[in-house]
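**Student:** Residue numbering for the sequence shown follows our numbering, beginning at 2 and increasing consecutively. Sharing a structure with you now.
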Amino acid sequence: MCGIAGIMHLDGAPADPEVLAAMSRSLIHRGPDDQGLMFFDAATGRTAVNPDGDPAFNLGLASRRLSIQDLSAHGRMPLANEDGSVWVVFNGEIYNFMELRGELSGAGHCFRTRTDTEVIVHAYEEWGPDCQERFNGMWALALFDARRGRLFCSRDRLGIKPFYYFFDGRVFIFGSEIKALLAHPLASRRPDRKAVFNYLARSYRFVDGRPTTFFQDVRQLEAGRSLIVSAEGPQETTYWSIDPDRRTEGLSDDRYAARYLELLDDSVRLRLRSDVPVACQLSGGLDSSAVAALASRVGGPGLPVFSACYDRLPFDERAFIIPTAERLAAVRHFVFPRPDDLMATLPEMIRHFDEPVCTVTFFAHWKVMEEVRRQGFKVLLNGHGADELAAGYYDHFLHHFGDLRQSGANGYLTREVEAWLDNHGRHRRGQLRDYFDLLDRGVGYMEDYLRLFQPYEAALEPEFAAEHASPKPDESPFSGLLSNRLYNELRFETLPAVLKAEDRTTMAHGIESRLPFLDYRLVEYMFSVPNVMKIRRGLGKYIQRRALNGLLPDEVVWRKEKVGFNAPSEFWFRNELRSEVEELIGSSSLVERGILNREGFGRVWEAHQAGRANHYQFLWQVINMETWLRMYFG
2 MCGIAGIMHL DGAPADPEVL AAMSRSLIHR GPDDQGLMFF DAATGRTAVN PDGDPAFNLG
62 LASRRLSIQD LSAHGRMPLA NEDGSVWVVF NGEIYNFMEL RGELSGAGHC FRTRTDTEVI
122 VHAYEEWGPD CQERFNGMWA LALFDARRGR LFCSRDRLGI KPFYYFFDGR VFIFGSEIKA
182 LLAHPLASRR PDRKAVFNYL ARSYRFVDGR PTTFFQDVRQ LEAGRSLIVS AEGPQETTYW
242 SIDPDRRTEG LSDDRYAARY LELLDDSVRL RLRSDVPVAC QLSGGLDSSA VAALASRVGG
302 PGLPVFSACY DRLPFDERAF IIPTAERLAA VRHFVFPRPD DLMATLPEMI RHFDEPVCTV
362 TFFAHWKVME EVRRQGFKVL LNGHGADELA AGYYDHFLHH FGDLRQSGAN GYLTREVEAW
422 LDNHGRHRRG QLRDYFDLLD RGVGYMEDYL RLFQPYEAAL EPEFAAEHAS PKPDESPFSG
482 LLSNRLYNEL RFETLPAVLK AEDRTTMAHG IESRLPFLDY RLVEYMFSVP NVMKIRRGLG
542 KYIQRRALNG LLPDEVVWRK EKVGFNAPSE FWFRNELRSE VEELIGSSSL VERGILNREG
602 FGRVWEAHQA GRANHYQFLW QVINMETWLR MYFG
């Protein structure tokens with residue numbers, strides 16, 4: 002795990018060593034163990050640690066290293082193959098590097114280190130850009146192909162690792178975080194007002210899954226895409242996407258579940274490969290519990306687990322965490338995030354995110370990471386991604402019922418609806434009735450979903466809102482409603498925001514986060530299985546529950562309610578944090594910039610304080626945007 006940065010001039014100018022060094026310094030938290038810089042003449046392939054003013058050296062690559070595999074200095078980047086024709090800087094982990102190393106050694110390649118990084122340069126030698134399709138892992142990389150005089154950049158299939166870039170027609174600048182780009186004098190320092198609108202008037206779900214960022218002209222390489230920079234400029238291509246036509250059919254329930262467990266178990270096994278100790282994050286939910294259980298099967302008793310806990314129900318999940326930890330003979334570490342730390346911690350979080358933080362949940366995550374670092378762990382396994390694969394959110398039931406209704410399976414639909422109401426409350430019948438009404442009227446789910454944000458758009462200045470408001474259509478590569486919803490959450494909405502926050506929060510503390518549910522093999526499998534293996538008998542994640550039955554306590558496996566990894570911010574904003582928020586908004590630069598309407602915001606604030614509505618997410622977004630604008634734009 003590392004931080005990477007680079008500069009490539011296409012206009013005949015040299016890459017500035019001082020600027021590249023500044024870009025590298027900005028990422029020291031991502032790689033506190035080692036650093037490296039190298040400069041290249043892209044036309045001839047010449048290299049230099051210090052180009053000493055030679056204008057031919059138009060390419061510079063930098064790396065900050067967090068040592069996980071092969072802790073020796075042999076893993077320093079930029080790292081080259083034997084003849085110096087391929088150089089790479091790399092952030093992430095190639096989990097199947099041992100298998101690839103064996104295959105490449107058999108083909109005649111010679112290795113000098115035990116790192117996964119060296120596998121990349123030899124894989125590129127052997128297979129060219131297609132090497133990325135052989136990697137199982139998370140990565141953002143930039144590889145200089147000296148023979149062709151070009152830069153090859155790639156981001157992993159799900160976008161777990163970040164890759165930001167800026168190109169003005171003359172110079173290509175990239176980095177693991179936006180702050181690395183901002184260390185270059187040419188990079189944009191203007192807010193993207195469209196992103197500001199989407200974040201405030203909608204939510205983070207409308208921002209993070211697209212190539213744009215909160216900074217105008219700063220882009221991110223999207224998940225599953227690669228980019229080649231040559232004299233003609235950058236050219237992007239898609240190398241991986243989910244196949245909507247792939248089907249896994251005709252298996253018994255036991256066989257579907259067995260294959261699921263087989264894939265997840267192997268994913269966990271691969272992600273335990275490390276030359277430093279590994280820990281797990283553990284909430285009371287099924288996902289992190291599953292990862293911890295499978296990690297314990299490999300490593301035995303004594304697995305360190307870290308959990309956020311609260312004094313208020315239902316946010317505190319110790320009633321589920323403790324039975325799981327005891328079942329696994331794990332070593333528990335409880336962390337209690339406090340509201341009085343939130344406002345003091347937020348500027349530091351934004352400094353690491355470079356953008357507003359998606360949810361207050363990641364304040365709790367931040368406090369947990371502080372403890373993980375104090376305890377000396379550099380690798381942490383987590384359960385992100387399972388909800389988007391196995392239908393873990395409440396609205397997924399509605400889409401599944403819509404599929405059943407459209408297929409004419411009325412008898413089965415009735416039984417499933419009754420089971421759902423029994424498990425989650427009879428009051429939800431109205432939600433289903435409203436959803437079916439949308440289908441009958443031909444109104445898309447996202448189109449209707451936007452109605453929820455009308456009070457927030459009304460809290461903005463009308464001129465600003467009118468300038469930037471536009472619908473966000475769902476992408477629909479699948480024939481079914483549920484599959485399309487899961488696809489959009491995985492690719493564009495929920496997961497991209499979570500992955501960005503996960504990366505910044507862990508890397509701020511020098512920790513590598515590993516996510517077994519996002520092994521691409523498991524992702525492809527889950528989008529191929531029938532939806533009745535995801536939702537059954539009024540419960541989501543049916544295949545996951547069936548696969549893990551017996552490995553975890555029954556109260557965790559068959560738990561009906563979903564709490565999620567949430568913090569009690571609704572109550573914090575009404576009580577402990579009320580005066581601080583009022584003071585912050587009282588001198589709002591959002592108002593001065595013509596973004597926030599003070600009276601409109603006052604109505605939202607008053608409704609929340611009176612308990613007539615729960616606007617905690619909008620309040621969090623306003624607080625973040627206000628703080629971000631002050632920090633970055635004065």
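Glycine included, each C-beta is placed from N, C-alpha and C at the ideal position. Bear in mind that the values here come from a model prediction, so they are computed numbers and not experimental data.
Note down the Cα distance separating L549 from A259, rounded to an integer number of angstroms.
**Tutor:** Rounded to whole angstroms, L549 to A259 spans 9 Å at the Cα level.
**Student:** Who does H334 pair with in a DSSP beta bridge?
**Tutor:** The partner list for H334 (beta bridge, DSSP) reads F307.
**Student:** For the 8 Å Cβ check, are there 3 or more pairs between the region 517 to 536 and the region 380 to 400?
**Tutor:** Judged by Cβ distances under 8 Å, the region 517 to 536 makes contact with the region 380 to 400, as three or more pairs qualify.
**Student:** In three-state DSSP terms, what is N550?
**Tutor:** Of the three classes helix, strand and coil, the one that applies to N550 here is strand, per DSSP.
**Student:** Please classify F40: is it buried, with 16 or more other beta-carbons within 10 angstroms of its beta-carbon, or exposed?
**Tutor:** F40 should be labelled buried.
**Student:** Alpha carbon to alpha carbon, what distance is there between G160 and R575?
**Tutor:** C-alpha separation (whole angstroms): 36 Å.
**Student:** Using the Cβ count rule (16 or more neighbours within 10 Å means buried), how would you classify H469?
**Tutor:** When all chains shown are included, H469 counts as buried.
**Student:** Any idea what DSSP makes of L72, helix, strand or coil?
**Tutor:** Three-state result, L72: coil.
**Student:** Suppose you measure from the CA of R442 to the CA of E327; what does that come to, to the nearest Å?
**Tutor:** Taking the straight line joining both Cα atoms gives about 51 Å.
**Student:** Go ahead and label V50 buried or exposed: buried means 16 or more other beta carbons lie within 10 angstroms of its beta carbon, across all protein chains shown.
**Tutor:** Under this definition V50 is an exposed residue.
**Student:** Rounded to whole angstroms, what's the CA-CA distance from V87 to F153? Just pull it up for me.
**Tutor:** Cα to Cα, V87 sits roughly 10 Å from F153.
**Student:** Hey, could you find the ends of the beta strand (DSSP E) G603 is sitting in?
**Tutor:** Taken as a continuous stretch (DSSP letters only), G603 belongs to no beta strand (DSSP E), being part of the alpha helix (DSSP H) at R599 to Q610.
**Student:** Have a look at the DSSP bridge pairing and note the partners of E237.
**Tutor:** Beta-bridge pairing links E237 to L228.
**Student:** Which runs of the beta strand (DSSP E), 3 residues or longer, sit entirely within the region 178 to 231?
**Tutor:** Entirely contained in the region 178 to 231, the beta strand (DSSP E) runs reaching 3 residues are, in chain order, 226 to 231.
**Student:** Between which two residues does the alpha helix (DSSP H) carrying W621 extend?
**Tutor:** Its alpha helix (DSSP H) spans residues Y617 to F634.
**Student:** Within this structure, are the beta carbons of M24 and A141 separated by less than 8 Å?
**Tutor:** Taking 8 Å as the Cβ cut-off, M24 and A141 do not qualify as a contacting pair.
**Student:** In the DSSP assignment, what residue or residues form a beta bridge with H638?
**Tutor:** This structure does not reach residue 638, given that the chain is present from 2 up to 635, and the question cannot be answered.
**Student:** Under the assumption that A509 contacts H30 (Cβ atoms under 8 Å), give the Cβ distance between them as a whole number of angstroms.
**Tutor:** About 6 Å separates the two Cβ atoms, so the contact holds.
**Student:** Count Cβ pairs between the region 6 to 20 and the region 58 to 65 that sit closer than 8 Å; are there 3 or more?
**Tutor:** Yes: the two stretches touch, three or more of their Cβ pairs being nearer than 8 Å.
**Student:** Have a look at Y96 and F402 and give me their C-alpha separation to the nearest angstrom.
**Tutor:** Using only the alpha carbons, I get a separation of about 38 Å.
**Student:** Once DSSP output is grouped into helix, strand and coil, what is the label at R298?
**Tutor:** Reduced to three states, the DSSP call for R298 is helix.
**Student:** Specify the secondary structure class of A57 as computed by DSSP and reduced to three states.
**Tutor:** Three-state DSSP puts A57 in coil, outside helix and strand.
**Student:** What did DSSP end up calling C3 once you bin it into helix, strand or coil?
**Tutor:** It is a strand residue.
**Student:** What span of residues does the alpha helix (DSSP H) with F350 cover, start to end?
**Tutor:** The question names Phe, but residue 350 is Met in the sequence shown. Here the alpha helix (DSSP H) through M350 covers P340 to F354.
**Student:** Which ranges does the beta strand (DSSP E) cover as unbroken runs of at least 3 residues, wholly within the region 476 to 530, from first to last along the chain?
**Tutor:** Counting only runs of 3 or more, we get 513 to 515.
**Student:** Below 8 Å between beta carbons: does that hold for R190 and L183?
**Tutor:** Yes, these two residues count as a Cβ contact at 8 Å.
**Student:** Just confirm the distance between the C-beta atoms of Q215 and E356, as a whole number of angstroms; I'd bet it's less than 8 Å.
**Tutor:** Note on residue identity: the sequence assigns Phe, not Gln, to residue 215. The pair is a contact, with the Cβ atoms about 4 Å apart (cut-off 8 Å).
**Student:** For L105, count neighbouring Cβ atoms within 10 angstroms of its own Cβ and tell me buried if that reaches 16, exposed if not.
**Tutor:** It is buried - the Cβ of L105 has at least 16 other Cβ atoms within 10 Å.
**Student:** Tell me, please, whether the region 277 to 285 touches the region 306 to 316 by the rule of three or more beta-carbon pairs shorter than 8 Å.
**Tutor:** Counting Cβ pairs under 8 Å, three or more are found: they touch.
**Student:** Three-state secondary structure (DSSP) at R156?
**Tutor:** If DSSP states are grouped into helix, strand and coil, R156 belongs with the strands.
**Student:** Roughly how many angstroms separate the alpha carbons of T596 and G603, rounded to a whole number?
**Tutor:** One point to set straight first is that residue 596 is Ile, not Thr, in the sequence displayed. Straight-line Cα distance between these residues: approximately 14 Å.
**Student:** Consult DSSP for W559 and reduce its assignment to one of helix, strand or coil.
**Tutor:** DSSP places W559 in coil when its eight states are reduced to three.
**Student:** L500 to E593, Cα distance in whole Å?
**Tutor:** C-alpha separation (whole angstroms): 32 Å.
**Student:** Quick one: give me the first and last residue of the alpha helix (DSSP H) that M370 is part of.
**Tutor:** Its alpha helix (DSSP H) spans residues T362 to R375.
**Student:** Around the C-beta of V299, are 16 or more other C-beta atoms found within 10 angstroms, so that it is buried, or is it exposed?
**Tutor:** Exposed, by the Cβ-count rule.
**Student:** Contact between the region 398 to 418 and the region 477 to 490 is defined here as three or more beta-carbon pairs at a separation below 8 Å; is this criterion met?
**Tutor:** A contact exists between the region 398 to 418 and the region 477 to 490.
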